[in-house]
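S.K.: Under full-length UniProt numbering, the first residue of the sequence shown carries the number 1, and numbering increases by one thereafter.
Even for Gly, the Cβ is constructed at its ideal location relative to N, Cα and C.
In this text, all values refer to a predicted model and were calculated from it rather than measured experimentally.
Structure in structure tokens, see below.
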Amino acid sequence: MIIDEPTDLGGTNDGPNPVEYVLAALSGCLNVMCHIVAQEMNIKLKGVEIKISGALNPEKLFGKETENRAGYKSIHVEIKPDTDTDKDTLQKWIQTVEARCPVSDNLTNPTPVHIALA
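If you want it as structure tokens, here you go:
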């Protein structure tokens with residue numbers, strides 16, 4: 001796994017940066033859950049298209065005194081299923097996908113993280 005930063009931030013721009021991996025993890029987890037839940041609900045899902053973006057203010061990252069968070073202020077996801085299933089069933093499907101996605105849960109709810117010197 002390559003984790004990098006752009007050259008203007010001291011990296012070599014050879015791979016995604018850590019916050020891009022956050023979006024990739026959410027998108028990947030949602031994709032898996034879309035297919036699992038569709039199978040459980042007997043929905044014939046040919047595939048899904050996921051568009052994801054996040055609003056990030058880099059001030060704290062660069063050491064500026066600010067009230068802004070260091071992480072994403074918001075993340076927006078659009079999921080377009082390739083299926084002939086009716087809208088009511090799809091609404092239940094997407095609610096179930098969101099409720100059961102572990103990465104979505106970790107981003108939506110406070111998760112204690114303990115960082116210590118080893």
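So isoleucine 52 and valine 32 are in contact, right, with Cβ under 8 Å, and what is the actual spacing, rounded?
M.R.: Their Cβ separation, rounded to whole angstroms, is 14 Å, which puts isoleucine 52 and valine 32 out of contact at 8 Å.
S.K.: State yes or no: is the C-beta of tryptophan 93 within less than 8 Å of the C-beta of valine 37?
M.R.: yes
S.K.: Here's the rule: buried if 16 or more other CB atoms are within 10 angstroms of the residue's CB, otherwise exposed. What is leucine 117?
M.R.: Burial check for leucine 117: the Cβ neighbour count within 10 Å stays below 16, so the residue is exposed.
S.K.: Since leucine 26 and isoleucine 79 are thought to touch, with beta carbons under 8 Å apart, how far apart are those beta carbons, to the nearest angstrom?
M.R.: With 8 Å as the limit, leucine 26 and isoleucine 79 do not qualify as a contact, their Cβ atoms being about 11 Å apart.
S.K.: Once you ignore the five residues that flank leucine 90 on each side, which residues in its own chain have a CB closer than 7 Å to its CB?
M.R.: Pro81
S.K.: Going by the DSSP bridge assignment, what does valine 77 pair with across the sheet?
M.R.: Ile52
S.K.: Buried or exposed: valine 97, going by 16 or more other Cβ atoms within 10 Å of its Cβ?
M.R.: The residue in question, valine 97, is buried, as its Cβ has 16 or more Cβ neighbours within 10 Å.
S.K.: Checking the sheet assignment: what are the DSSP bridge partners for tyrosine 72?
M.R.: Leu56
S.K.: Run through the DSSP bridge pairs and tell me what aspartate 86 is partnered with.
M.R.: Aspartate 86 is not bridged to any residue.
S.K.: Sort out for me which residues DSSP pairs glycine 47 with in a bridge.
M.R.: DSSP lists Asp82 as partners of glycine 47.
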